[in-house]
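Here the structure comes first, spelled out in structure tokens, and everything after it is commentary.
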Ligand code: DLL
């Protein structure tokens, strides 16, 4: 679809959505009245800035279904967010919403080259988390064979990969890494597995991590993005060009805003990703602030898709660490570590405060081939890592080398930061 045609479609869907929430959701009617706008003031997507924002806190304040635009009897499924703090958020879906969800995931899989001839092992958790059921319904819609493995029981995951001949693995990148490690430990040559594609998402991961997983499993790894409040996986997906993730922008209108001013950033610049629903029925959200940091690229992609691409998410604005005034994203640390052959992709970031000074410690596992009893050799490796991290982050980092399997493996989203300053 050409840009003009897409803009017209988005504008028409935006008008419908704004009218629906104004008439059906008291929260939005009040907010719009406070700002002094009516549905007729939004003529197209160029008027998006007139509309109010929605935050996770708004969903919590109206928990569970205060923002719904349909009666509960129209809900056919409810998901909930996996928030680590505070009350969860509940996200109802109508039948049409679930059709849209599976359509978007099917498109996302297709973007990565998955076809109906593939066998998709869904190793995201099934349940309130949208990863399992979302990937499951999308792969079913595509006509692929689905193996609903869910997360966990890693040895059995490998049995399924072998016995059922899975060609696609869908799970978090950290779990993919764990599976790759288990494949190696089982003495299996990844080249002997039929696996060819990975659909990994639900947490930030670096390009260097992608390379490690591709090597460990003998596959091409793709990035699938989404969040429960807006839908789940499949809001965007990387394509064979591997330069950004194509957004299903006929359903989700994206904006990138300056995190301080909440005004649009210059084209191509990084900022907070904000989505407005264009077709959602049960709980359409206006300008939902994801807190994810990304950028948008409207240039045409070599894969032929015309929809806008978002860059890989570098992190969340609320995961950004401010160490002695310097902004640090865990993904930056990951990129540096994985470029050094002695380091393994398992690390933990520990932030603390000594007196008035913040300290940043990176604990990292060292490849067994390099682990040595000779203190001098270990010191060389530590020095190399410290030098690279200090340079990249522009602050002094303490590097602690730890033995193989010291850092906990995960079957879902990895936890890589311990910030003791808040305790
Ligand atoms: O993680 C949905 C999902 C499931 C996406 C499976 C992809 C695959 P939530 O649990 O609500 O939903 O978490 C959403 O996870 O705001 C991002 O911070 C992060 N996230 C999701 N996908 C990616 C990705 C699911 N590909 C939050 N890259 C989002 C980086 C991601 N971060």
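In our numbering, the protein residues as written are 25 to 447.
Beta carbons: idealized from backbone N, C-alpha and C, even for Gly.
C-beta contact flag for residue i and residue j at 9 Å
i: residue 303; j: residue 37; result: yes
i: residue 256; j: residue 125; result: yes
i: residue 360; j: residue 412; result: yes
i: residue 171; j: residue 184; result: yes
i: residue 59; j: residue 277; result: no
i: residue 375; j: residue 267; result: no
i: residue 390; j: residue 426; result: yes
i: residue 68; j: residue 31; result: yes
i: residue 388; j: residue 370; result: yes
i: residue 347; j: residue 409; result: no
i: residue 168; j: residue 264; result: no
i: residue 240; j: residue 204; result: yes
Same chain, Cβ closer than 6 Å to residue i, five either side skipped, listed in chain order
i: residue 88; result: 114
i: residue 77; result: 311, 313
i: residue 416; result: 360
i: residue 154; result: 103, 252, 256
i: residue 327; result: 263, 264, 265
In DSSP terms, what residue i is bridged to
i: residue 320; result: 334
i: residue 243; result: Answer is none; residue 243 lacks a bridge partner.
i: residue 422; result: 385
i: residue 367; result: 390
i: residue 281; result: 288, 296
i: residue 274; result: None; residue 274 has no bridge partner.
i: residue 104; result: 114
i: residue 194; result: 146, 223
i: residue 339; result: 317
i: residue 262; result: 269
Anticipated Cβ contact below 8 Å, residue i with residue j, distance rounded
i: residue 338; j: residue 357; result: Not really, about 12 Å apart at Cβ, beyond 8 Å.
i: residue 423; j: residue 406; result: 5 Å
i: residue 372; j: residue 431; result: 6 Å
i: residue 218; j: residue 189; result: 5 Å
i: residue 134; j: residue 272; result: Their Cβ separation, rounded to whole angstroms, is 11 Å, which puts residue 134 and residue 272 out of contact at 8 Å.
i: residue 99; j: residue 433; result: At roughly 36 Å, the Cβ-Cβ gap does not stay under 8 Å, so residue 99 and residue 433 are not in contact.
i: residue 336; j: residue 247; result: 6 Å
i: residue 280; j: residue 320; result: 5 Å
i: residue 243; j: residue 211; result: That belief does not hold up - the Cβ atoms of residue 243 and residue 211 are roughly 19 Å apart, past 8 Å.
i: residue 187; j: residue 33; result: 45 Å between Cβ atoms; not a contact.
i: residue 199; j: residue 262; result: Between residue 262 and residue 199 the Cβ distance is about 18 Å, and since that is not below 8 Å, they are no contact.
Cutoff 7 Å; reference residue i; Cβ partners in own chain excluding five residues on either side
i: residue 25; result: 330
i: residue 230; result: 355, 358, 359, 362
i: residue 341; result: 283, 296, 315, 317
i: residue 517; result: The structure shown has nothing for residue 517, since the chain only spans 25 to 447.
i: residue 49; result: 91, 93
i: residue 235; result: none
i: residue 121; result: 304, 305, 306
Cβ-heavy atom distance, residue i to the ligand GTP, below 8 Å
i: residue 253; result: Annotation note on the ligand GTP: not contained in the displayed structure, which lists the ligand DLL as its ligands.
Cutoff 8 Å; reference residue i; Cβ partners in own chain excluding five residues on either side
i: residue 350; result: 417, 418, 419
i: residue 377; result: 383, 444, 445
i: residue 61; result: 74, 75
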